[in-house]
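Participant:
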Amino acid sequence: MTSCGCLVLEKVEDHGGEAAAARGRAVKVAPGPGPGCGSCAGVWRSRSEAIFPIYVMGSSRASTVAAARGIVDSAEDPIWEAVKSEAKSEAEKEPILSSFLYASVLSHDCLERALSFVLANRLEDPTLLATQLIDIFNDVMMNNKDICRSIRLDAQAFKDRDPACAQYSWALLYLKGYQSLQSYRIANVLWNQGRQVLALALQSRISEVFAVDIHPAARIGEGILLDHGTGLVIGETAVVGNWVSLMQGVTLGGTGKEHGDRHPKIGQGALIGAGATILGNINVGEGAMIAAGSLVLKDVPSHSTAVGNPAKIVGYTEKEDPSLTMKHDARRDYFEHVAIRY
């Protein structure tokens with residue numbers, strides 16, 4: 001039996017301050033049946049910070065980031081191995097797709113090149129040729145370790161949080177939320193390199209193809225889920241933290257015609273429900289949940305739930321980040337308390 005290389009948290013019972021101090025540093029490598037094993041889902045976790053079963057199961061966000069960076073330098077790539085295995089299996093089941101799967105996955109030697117091929121063929125038009133886009137995308141992704149890490153952590157996020165994403169290869173090949181997010185990441189690198197016209201041209205094409213409009217200057221963290229993605233709008237100065245989940249139709253927009261820092265800042269672990277609109281340079285705290293259809297015009301505290309138009313704080317989320325549980329509800333005992341009071 002070979003090791004899958006998963007990083008998992010060593011269980012520490014809470015028996016006082018000494019044990020509490022131990023939490024956050026006790027991690028170890030656990031054996032498993034191989035790349036993309038999936039067996040680690042049953043391993044004990046500390047809250048939900050152990051969020052990437054294949055890549056990272058850390059007891060703190062800092063250790064998660066450090067471990068993820070280490071994976072980029074590793075010779076092993078379990079997600080890529082899983083993608084290839086899935087593509088080979090699907091080609092055998094659906095021979096009509098064998099040429100597509102070979103061209104998109106099996107003919108490539110790494111996830112970056114496969115993703116470049118897929119995105120270039122989705123985004124090509126008469127002025128942005130696929131061959132040109134492949135060269136641009138490969139140059140960006142093969143020389144940027146941040147993107148190498150992000151595309152894998154995003155793939156894990158889709159696999160973990162979206163019940164409709166049964167395989168890693170599905171995110172790569174078929175889910176436009178994942179494809180549009182990775183296209184934005186490339187445009188963001190180009191923007192920061194001073195190639196702003198090309199970045200804007202890509203943004204326009206991404207919006208046209210995927211119905212997802214993310215300004216290339218926006219800052220988006222890792223382990224992001226864009227569930228469906230349709231109708232998503234993220235403005236120029238918006239910031240989205242790590243581990244955030246955004247449903248379809250979400251708007252992170254500005255108000256009026258002001259310039260400068262004018263868009264929302266979303267804390268890590270937040271869950272933004274379908275059709276939610278968050279406007280202005282306001283903060284949505286870590287682990288907060290914005291209910292579907294809400295209009296948010298003021299700051300939202302960490303681990304709270306905002307509902308309505310305009311949105312009001314109506315409860316608190318559970319200890320786990322709602323972006324990871326994907327539970328779109330506030331704490332039950334709060335509502336029971338409100339019902340008794342009123």
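Just so it is clear: in the sequence shown, position 282 is 282 by the UniProt record's numbering, and no numbers are missing. Note that the Cβ used here is the ideal one computed from N, Cα and C, for glycine as well. Computed from a prediction, not measured in an experiment: that's the story for all the values here.
#1: Can you tell me whether residue 309 is buried or exposed? The criterion is at least 16 other CB atoms within 10 Å of its CB, across all chains shown.
#2: Would you call residue 218 buried or exposed, if buried means 16 or more other Cβ atoms sit within 10 Å of its Cβ?
#3: My guess is that residue 225 and residue 245 are in contact by the Cβ rule of under 8 angstroms, so how many angstroms apart are they, rounded?
#4: How close, in whole Å, do the beta carbons of residue 229 and residue 176 come, if the pair is a contact with beta carbons under 8 angstroms?
#5: Could you tell me the boundaries of the alpha helix (DSSP H) in which residue 160 lies?
#6: Report the option in 259, 275 and 93 whose CA atom is closest to the CA atom of residue 296.
#7: Between residue 169 and residue 86, is the Cβ-Cβ spacing less than 8 angstroms?
#8: Go ahead and pull the three-state DSSP assignment for residue 306.
#9: Buried or exposed, going by whether 16 or more other CB atoms sit within 10 Å of the CB of residue 192?
#10: Among the residues of its own chain, which have a CB less than 6 angstroms from the CB of residue 280, if the five just before and after it don't count?
#11: How far does the beta strand (DSSP E) with residue 199 in it reach, from first residue to last?
#12: What residues in its chain sit with their C-beta under 6 angstroms from that of residue 207, if we drop five residues either side in the sequence?
#13: May I have the straight-line CA-CA distance separating residue 237 from residue 141, to the nearest angstrom?
#14: By a C-beta neighbour count over all protein chains shown, 10 Å radius and 16 as the cutoff for buried, is residue 146 buried or exposed?
#15: According to DSSP, residue 213 sits in a beta bridge with which residue or residues?
#16: Name the DSSP beta bridge partners of residue 271, please?
#17: Taking only three categories from DSSP, how would you classify residue 283?
#18: Would DSSP call residue 224 helix, strand or coil?
#19: Give the DSSP-derived three-state secondary structure of residue 252 in the structure shown.
#20: Indicate the three-state DSSP secondary structure (helix, strand or coil) for residue 312 in the structure shown.
#21: Drop a sphere of 10 angstroms on the beta-carbon of residue 260, count the other beta-carbons inside from all chains shown, and report buried for 16 or more, exposed for fewer.
#22: Going by C-alpha to C-alpha distance, which of 195, 187, 179 and 190 sits closest to residue 209?
#23: Taking the alpha helix (DSSP H) that residue 134 belongs to, which residues open and close that run?
#24: Within 10 angstroms of the Cβ of residue 129, are there 16 or more other Cβ atoms? Answer buried if so, exposed if not.
#25: Can you name the start and end residues of the alpha helix (DSSP H) that residue 179 belongs to?
#26: Which whole-angstrom value describes the C-beta separation of residue 288 and residue 270, a residue pair presumed to lie in contact below a C-beta threshold of 8 angstroms?
#27: So, are the CB atoms of residue 118 and residue 172 less than 8 angstroms apart?
#28: Please report how far the alpha carbon of residue 108 lies from the alpha carbon of residue 114, in whole angstroms.
#29: Restricting to Cα atoms, I'd like to know which of 195, 188 and 137 is closest to residue 235.
#30: Please go through the same chain and pick out, in chain order, the residues whose beta-carbon is closer than 6 angstroms to the beta-carbon of residue 239, but skip the five residues on each side of it.
#31: Does DSSP classify residue 219 as helix, strand or coil?
Facilitator: Put simply:
#1: exposed
#2: buried
#3: 4 angstroms
#4: 5 angstroms
#5: 145-161
#6: 275
#7: yes
#8: strand
#9: exposed
#10: 255
#11: Counting along the chain, residue 199 falls outside any beta strand (DSSP E), though it belongs to the alpha helix (DSSP H) covering 196-210.
#12: 213
#13: 23 angstroms
#14: exposed
#15: 233
#16: 245 and 289
#17: strand
#18: coil
#19: strand
#20: strand
#21: exposed
#22: 179
#23: 130-141
#24: exposed
#25: 176-192
#26: 5 angstroms
#27: yes
#28: 6 angstroms
#29: 188
#30: 219 and 265
#31: strand
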